[in-house]
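Q: Sequence order for the protein chains is U and Y. If you read the first sequence in numbering that gives the first Met the number 0, its first letter stands for residue 0, the second for the next number, and so on. If you read the second sequence in numbering that gives the first Met the number 0, its first letter stands for residue 0, the second for the next number, and so on. Cβ atoms here follow ideal geometry from the backbone N, Cα and C, with glycine treated the same way. Owing to the predicted nature of the structure, the values given are computational and were not obtained by experimental measurement. Quick one: this structure, given as structure tokens, is what I'll be asking you about.
Number of protein chains: 2
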Amino acid sequence: MTTNSSPQLWLYDTTLRDGTQREGLSVSIEDKLRIARRLDQLGIPFIEGGWPGANPKDVQFFWQLQEDPLKQAEIVAFCSTRRPNSTAATEPMLQDILAAGTRWVTIFGKSWDLHVTTSLKTTLEENLAMIRDTIEYLRSQGRRIIYDAEHWFDGYKHNRDYALQTLEAAIASGAEWLVLCDTNGGTLPHEISQIVQDVVKVTGEWGMGNGEWGMGNDSSQSPMPNAQCPMPQIGIHTHNDSEMAVANAIAAVMAGAKMVQGTINGYGERCGNANLCSLIPNLQLKLGYSCITEDQLTQLTEASRFISEVVNLAPDEHAPFVGLSAFAHKGGIHVSAVERNPLTYEHIQPEQVGNHRRIVISEQSGLSNVLAKARSFGIDLDQLKAEAKQILQRLKDLESEGFQFEAAEASFALLMHEALGGRQKFFEVKGFQVHCDLIEGKETSNALATVKLAVDGKNILEAAEGNGPVAALDAALRKALVNFYPQIATFDLTDYKVRILNGHTGTAAKTRVLVESGNGRQRWTTVGVSTNILEASYQAVVEGLEYGLLLHSQAEAAGKLLVDK
Amino acid sequence: MTTNSSPQLWLYDTTLRDGTQREGLSVSIEDKLRIARRLDQLGIPFIEGGWPGANPKDVQFFWQLQEDPLKQAEIVAFCSTRRPNSTAATEPMLQDILAAGTRWVTIFGKSWDLHVTTSLKTTLEENLAMIRDTIEYLRSQGRRIIYDAEHWFDGYKHNRDYALQTLEAAIASGAEWLVLCDTNGGTLPHEISQIVQDVVKVTGEWGMGNGEWGMGNDSSQSPMPNAQCPMPQIGIHTHNDSEMAVANAIAAVMAGAKMVQGTINGYGERCGNANLCSLIPNLQLKLGYSCITEDQLTQLTEASRFISEVVNLAPDEHAPFVGLSAFAHKGGIHVSAVERNPLTYEHIQPEQVGNHRRIVISEQSGLSNVLAKARSFGIDLDQLKAEAKQILQRLKDLESEGFQFEAAEASFALLMHEALGGRQKFFEVKGFQVHCDLIEGKETSNALATVKLAVDGKNILEAAEGNGPVAALDAALRKALVNFYPQIATFDLTDYKVRILNGHTGTAAKTRVLVESGNGRQRWTTVGVSTNILEASYQAVVEGLEYGLLLHSQAEAAGKLLVDK
């Protein structure tokens with residue numbers, strides 16, 4: 000239980016930078032913005048956005064956040080120290096960092112003498128100069144600095160004195176946070192504990208860490224006071240190569256670290272980074288630290304699943320705290336015991352992290368989720384218990400067929416309207432045909448789609464071409480409907496995602512398609528599921544058009560068009 | 000490094016019992032036998048086979064092992080204490096245990112007073128009698144006993160005195176091992192450490208744990224001496240609900256536990272059990288304990304993947320130590336540094352656990368990645384710098400079109416053969432047609448595909464149906480080729496992944512398809528990219544067939560079919 004007296008920890012999310020190092024994970028700028036805004040909502044105070052300059056995508060990402068900033072969180076730019084034998088002020092890379100326009104910059108530097116000589120191929124003294132010069136330059140340009148000590152633990156074990164000199168260089172030049180990184184992920188908790196204790200002690204002797212971070216200037220302990228923080232603090236950044244990332248981060252916190260870096264769902268290079276979805280509840284519910292509000296904590300499961308959808312990776316059903324199976328109970332003794340006293344087989348209350356108990360054989364519960372979700376669509380189901388139960392049942396049936404509504408709220412809204420008898424029939428779908436052929440050597444393979452619809456009892460048959468079967472289907476549907484609903488001309492398909500559900504049965508597997516549509520002011524997502532990818536796409540595209548028409552008619556009914564996002 | 004003086008730990012695998020509690024995992028008797036024999040080869044001394052009597056499958060499994068026993072390992076039967084207010088000698092459940100014919104039996108009992116009163120609905124005194132009576136009876140029938148103290152840590156925290164009384168009851172009646180279970184998985188390492196230390200101390204005061212297990216009778220420290228062991232020892236059994244199962248097991252070992260229970264790949268109920276694939280290398284390579292031989296340790300990766308195949312779950316590519324990505328390196332700097340000195344970016348040598356370093360081929364690849372990758376396919380490009388540069392250029396061109404070879408190594412191998420002029424032409428693709436239609440209200444939407452190929456200058460036109468367009472294409476291709484290449488009958492599509500590349504342009508976006516194929520012995524992945532999802536799928540399926548034929552012809556050329564995995 001978090002109270003006002005709970006010691007404060009600062010969370011630092013690196014999903015958008017270190018997380019995207021995961022093999023097979025790639026994100027668009029749009030994806031990155033959606034993730035950043037969700038992390039902001041979740042209450043993460045520091046969000047590392049990327050390395051502006053390393054690729055054009057990250058430059059644009061920071062530029063877009065300057066136009067439309069996050070609400071609470073600090074977005075952080077990430078960069079290395081300057082190159083050997085140059086000067087920070089003339090380093091183009093650092094100009095890119097300044098252009099990103101963030102208040103905070105994370106600079107990573109080498110702690111391990113072996114890396115200085117092997118990877119950087121420079122002298123130990125020059126490495127210290129690189130750390131000092133880079134930080135001093137960015138400080139002189141008004142930036143606040145988090146210093147990531149790369150390979151800290153290996154460096155410390157090989158040459159403690161030199162490793163400590165790198166930290167001293169970072170502090171002396173104005174870094175406010177020293178983050179100790181277990182870059183190769185090979186360190187075990189008892190070593191982390193000893194080494195962090197030593198660093199806390201030594202840096203304390205240098206005149207650091209005698210009080211709470213930022214206390215001198217800001218009694219609210221905000222990590223973003225305007226004045227410079229007088230006493231740098233220690234952070235921890237761990238990797239999961241020994242299946243110890245979470246345990247190591249916690250060992251560091253118990254040894255005095257005040258910042259914890261990690262990623263949502265533990266995404267990251269090789270075996271991943273420390274998983275914030277496990278760290279946050281462990282720190283907050285078990286160790287009594289204060290990281291995010293209790294209310295934000297209840298959004299953790301949804302944030303985890305939302306982000307896995309955005310990056311198009313199947314959520315880990317067995318993930319601690321947030322996984323579908325995390326509070327699943329199989330029949331018999333467990334179920335009745337857990338119903339009498341949840342404490343008997345559950346280490347926390349699933350609702351604390353926004354998850355819920357699942358009884359594997361006879362599905363139950365979740366009604367409160369449906370009620371909460373309905374409220375978020377402006378529908379008060381609390382007085383309509385029978386309808387709510389019916390919606391829940393329909394939801395569970397569809398989910399067992401492979402539908403998923405976490406990221407497809409427009410489809411869920413349509414489902415609710417259906418159950419309440421208020422689903423407006425803008426059009427009726429009758430069927431489609433798709434034909435596609437490719438002659439080898441020809442540049443492109445065109446697709447032809449025919450759709451059959453009915454509007455106000457009138458049948459419409461329409462055909463269109465596209466450079467793929469789904470584009471052809473979408474074009475044919477619009478062509479068929481635009482004469483009845485001219486506003487369809489303003490709709491567009493903004494995103495399209497495909498997930499194969501049971502991949503091990505090969506191409507006959509079920510396919511789930513998510514389609515994101517927009518009307519220039521709002522965006523919404525719909526879902527379709529089928530063994531036939533074209534049918535699943537068709538379902539999602541059709542619902543996308545329907546929901547767009549619904550939004551338009553609601554706006555008209557309210558006498559105005561909605562202008563908010 | 001394990002030496003003769005390394006302290007011995009006993010591993011206890013429960014993949015076949017607790018592991019099968021994982022949602023979605025089910026195994027046949029044949030599967031269980033294959034897994035047990037592989038664990039035996041791996042050197043696991045105790046293998047928990049199941050609860051004979053709880054289901055007919057487990058009864059037969061033990062019976063078959065009596066006919067054809069394991070070579071080294073002890074197979075262990077698992078069972079609860081007798082029911083309240085009965086006697087062990089008349090308990091049918093215990094007759095089933097005796098009939099299983101194992102030397103060792105694991106009996107689990109309640110440690111937590113709350114569970115005794117809530118789940119068992121009996122008195123605290125009767126629970127102690129149940130433990131004593133059950134163990135004494137099985138001892139009188141010549142069985143040796145491992146006692147699993149269920150919910151130990153929760154029980155200890157709620158009522159330490161009572162929890163200790165249950166252990167005392169187990170020891171007094173002849174249990175040789177006391178295994179402390181974190182059944183709900185909610186305990187953190189610092190608590191595990193304190194509580195195990197306390198138990199080691201208290202049981203030591205009762206006259207236990209003064210020497211190495213079994214030392215009095217058997218200086219080889221075998222866990223299976225014929226004489227009874229004079230001094231019971233402590234074991235640990237952890238669950239991963241807090242993402243701490245491995246860390247907790249190690250904390251217990253460092254506090255004095257001598258037996259470690261876990262499962263291969265961490266399979267288990269909810270979030271799983273302690274993962275032996277991470278525990279064994281951590282204990283052996285980092286902490287200097289002796290568990291299995293160095294040679295057996297090099298079989299760990301293969302055992303992990305073999306067992307995931309047998310239980311039909313996709314291997315976790317990001318698993319520590321044994322995952323495909325565990326030693327994967329992106330980016331030029333990493334690769335050249337790791338080749339000069341593996342220590343710079345690897346926490347252990349991958350070969351120690353039978354894994355290997357992988358150079359990930361991606362946009363950021365330099366020439367060193369391509370050369371390293373070629374070597375892994377048995378192609379020495381070091382003397383062919385011009386060809387290597389040409390391959391790198393081709394790779395970058397294709398990647399800028401949206402291809403991605405990180406996970407499509409078979410397509411990359413074909414690309415290399417192409418550049419070196421050695422790509423075998425098994426068949427020539429001429430084109431395809433796909434037709435698909437859906438009438439609303441009809442149950443399914445079938446797809447029809449026609450393909451045109453040429454083999455040895457002979458044109459083939461073939462058509463097939465499928466429950467989706469890709470399945471139909473795949474079926475038509477096989478039908479067209481199987482008369483020329485009968486080995487195609489052994490190929491199958493094992494996985495299919497779709498990724499929309501620039502999703503923000505909607506359904507006209509480029510699509511990347513990854514197809515995984517297999518021949519029963521090997522698996523390989525190919526890639527296709529197009530704005531047309533059907534064309535991208537077609538490319539990947541076609542290359543999958545081609546690579547399978549290449550593997551077959553290489554095996555024939557080597558005078559044999561590969562029989563190893």
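(1) Output needed for GLY519 (chain Y): all residues of its chain with C-beta closer than 7 Å, excluding positions within five of it in sequence on either side, in chain order.
(2) Taking just the CA atoms, how far does PRO55 (chain U) sit from PRO231 (chain U)?
(3) Given that a residue counts as buried once 16 or more other Cβ atoms are within 10 Å of its Cβ, and exposed if not, what is GLY213 (chain U)?
(4) Could one say the Cβ of ILE279 (chain Y) lies closer than 8 Å to chain U's Cβ atoms, at least one of them?
(5) Roughly how many angstroms separate the alpha carbons of ILE144 (chain U) and LEU24 (chain Y), rounded to a whole number?
(6) Let me check one thing: in DSSP terms, what residues is CYS78 (chain U) bridge-paired to?
(7) Checking the sheet assignment: what are the DSSP bridge partners for MET253 (chain U)?
(8) Helix, strand or coil: how does DSSP classify THR297 (chain U) here?
(9) Counting C-beta neighbours from all protein chains within 10 Å, is the total for ASP160 (chain U) 16 or more, i.e. buried, or is it exposed?
(10) Do VAL321 (chain Y) and ASN281 (chain Y) count as a contact pair if the criterion is CB distance below 8 Å?
(11) Out of U:THR525, U:GLN283, U:PHE152 and U:TYR288, point me to the one whose CA is closest to ASN247 (chain U)'s CA.
(12) Is there at least one Cβ from chain U nearer than 8 Å to THR117 (chain Y)'s Cβ?
(13) Beta-carbon of ARG571 (chain U) versus every beta-carbon of chain Y: anything under 8 Å?
(14) Short of 6 Å in beta carbon distance, which residues of its chain neighbour GLN538 (chain U), apart from the five on each side in sequence? Order them along the chain.
(15) For LEU284 (chain Y), which residues in the same chain have their Cβ closer than 7 Å to its Cβ, ignoring the five residues on either side in sequence?
(16) For THR300 (chain Y), go through chain U and note every residue whose CB falls closer than 8 Å to its CB, in chain order.
(17) Please compile the residues from chain U whose C-beta is within a distance smaller than 9 Å of the C-beta of ASN595 (chain Y).
(18) Should the stretch 408 to 416 of chain Y be regarded as contacting the stretch 425 to 433 of chain Y, the criterion being three or more beta carbon pairs within less than 8 Å?
(19) Counting only the same chain and skipping the five closest in sequence on each side, list residues whose C-beta sits under 6 Å from that of PRO349 (chain Y).
(20) Quick one: what does DSSP say CYS228 (chain Y) is sitting in, helix, strand or coil?
(21) Would ILE459 (chain Y) pass as a contact of ALA479 (chain Y) if the rule is Cβ separation under 8 Å?
(22) Listed in chain order, which residues of the stretch 383 to 414 of chain U have Cβ atoms closer than 7 Å to some Cβ of chain Y?
(23) Measure from the alpha carbon of PHE192 (chain U) to the alpha carbon of each residue in U:GLN164, U:GLU175 and U:ALA244, then state which is nearest.
(24) From the DSSP output, in three-state form, read off LYS156 (chain U) for me.
(25) Note down, in chain order, each residue of its chain lying with its Cβ closer than 6 Å to the Cβ of ALA371 (chain Y), except the 5 sequence neighbours on either side.
(26) By the criterion of Cβ-Cβ separation under 7 Å, what are the contact partners of THR524 (chain U) in chain Y?
(27) Mind checking the stretch 308 to 326 of chain U against chain Y and listing, in chain order, the residues whose C-beta falls within less than 9 Å of any C-beta there?
(28) List the residues of chain Y whose Cβ lies closer than 8 Å to the Cβ of ALA508 (chain U), in chain order.
(29) Using only the alpha-carbon positions, how far apart do TRP111 (chain U) and THR101 (chain U) sit?
(30) How would you call SER218 (chain U), buried or exposed, if buried means at least 16 neighbouring beta carbons within 10 angstroms?
(31) I think GLU242 (chain U) touches ASN274 (chain Y), with their Cβ atoms under 8 Å apart; what is that distance to the nearest whole Å?
(32) Determine the contact status of MET258 (chain Y) and GLY234 (chain Y), defining contact as a CB-CB distance below 8 Å.
(33) Looking at the unbroken beta strand (DSSP E) that takes in THR510 (chain Y), where does it start and where does it end?
(34) Please list the partners that ILE347 (chain Y) has in chain U, where partner means a Cβ-to-Cβ separation under 8 Å.
(35) In the structure shown, what three-state DSSP assignment does ILE306 (chain U) receive?
A: Walking through what the data contain:
(1) THR489
(2) 33 Å
(3) Only weak support exists for where GLY213 (chain U) lies, its pLDDT of 37 falling under 50; the value from the coordinates is given anyway. The residue is buried, with at least 16 neighbouring Cβ atoms inside 10 Å.
(4) no
(5) Annotation: ILE144 (chain U) to LEU24 (chain Y) spans about 48 Å, alpha carbon to alpha carbon.
(6) U:ILE106
(7) Note: MET253 (chain U) sits in no beta bridge, so no partner.
(8) THR297 (chain U) falls in the coil class under three-state DSSP.
(9) exposed
(10) No, the pair does not count as a contact, with Cβ atoms beyond the cut-off.
(11) U:PHE152
(12) Yes, because at least one Cβ of chain U sits closer than 8 Å to the Cβ of THR117 (chain Y).
(13) This structure gives no information on residue 571 (chain U), because the portion of chain U shown stretches from 0 to 564.
(14) The beta carbon of GLN538 (chain U) sits closer than 6 Å to those of GLY527, all from its chain and outside the five residues before and after it, given in chain order.
(15) ILE347 and GLN351
(16) Result: empty, since nearest Cβ-Cβ is about 13 Å, beyond 8 Å.
(17) The requested residue 595 (chain Y) does not occur in the structure, where chain Y is confined to residues 0 to 564.
(18) no
(19) PHE326, HIS355 and ARG356
(20) No answer about CYS228 (chain Y) holds up, because its pLDDT of 46 lies below 50 and its placement is not dependable.
(21) Yes. Within cutoff.
(22) none
(23) The sequence shown places Ser at residue 192 (chain U), rather than the Phe named in the question. Answer by Cα proximity: U:ALA244.
(24) Helix.
(25) Here the set comprises ILE358.
(26) Here the premise fails: no neighbours, minimum Cβ distance about 11 Å.
(27) ASN311, ASP315, GLU316, HIS317, ALA318, PRO319, PHE320, GLY322, LEU323, SER324, ALA325 and PHE326
(28) Within 8 Å Cβ-Cβ: TYR495.
(29) Distance between the alpha carbons of TRP111 (chain U) and THR101 (chain U) is about 29 Å.
(30) Here SER218 (chain U) scores only 36 on pLDDT, less than 50, and its place in the model should not be relied on; the value that follows carries that caveat. Label assigned to SER218 (chain U): exposed.
(31) 6 Å
(32) yes
(33) 510 to 517
(34) GLY185
(35) DSSP, read as helix, strand or coil, puts ILE306 (chain U) in helix.
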